[in-house]
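A.B. asks: So for the sequence shown, the UniProt record's numbering puts the first residue at 1; every next one is plus one.
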Amino acid sequence: MEVNLVGEALKFMVLGMGIVFAFLIIMIFALKTQTVLVGKYFKEEVNDSSTSNEWHPSLEDNKDVIAAITAAIFQYNQKNKQ
Numbered sequence: 001m002e003v004n005l006v007g008e009a010l011k012f013m014v015l016g017m018g019i020v021f022a023f024l025i026i027m028i029f030a031l032k033t034q035t036v037l038v039g040k041y042f043k044e045e046v047n048d049s050s051t052s053n054e055w056h057p058s059l060e061d062n063k064d065v066i067a068a069i070t071a072a073i074f075q076y077n078q079k080n081k082q
């Protein structure tokens with residue numbers, strides 16, 4: 001009784017890869033279905049940010065902070081000069 005190890009290994013490899021491939025295909029379809037169902041029942045409200053009156057800090061508002069950070073970096077570099 002002779003056992004072809006390479007043949008058996010190839011059979012197991014193909015079987016394992018087939019099972020993984022099938023699982024991935026099933027998972028993709030399940031996730032796509034879930035996306036459709038969640039999107040259907042839980043619609044998200046879209047906020048138009050162009051019409052909102054929220055305050056957004058700009059570079060002009062942070063000049064003091066930028067100056068303080070620049071001074072701190074300069075002082076650190078002067079102290080640790082070799």
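The beta carbon of each residue, even a glycine, is placed where N, CA and C say it ideally should be.
Between which two residues does the alpha helix (DSSP H) containing Glu8 stretch?
C.D. replies: Where Glu8 is concerned, the enclosing alpha helix (DSSP H) stretches over Leu5 to Tyr41.
A.B. asks: Can you confirm whether Lys63, when its beta carbon is compared against all beta carbons of chain D, has any partner nearer than 8 Å?
C.D. replies: Absence of chain D from the displayed structure is noted, only one protein chain being present.
A.B. asks: Look at the alpha carbon of Ile26 and the alpha carbon of Val38, and state the distance between them as a whole number of angstroms.
C.D. replies: Cα-Cα distance, rounded: 18 Å.
A.B. asks: Please classify Lys81: does DSSP put it in a helix, a strand, or coil?
C.D. replies: Coil at Lys81, not helix or strand.
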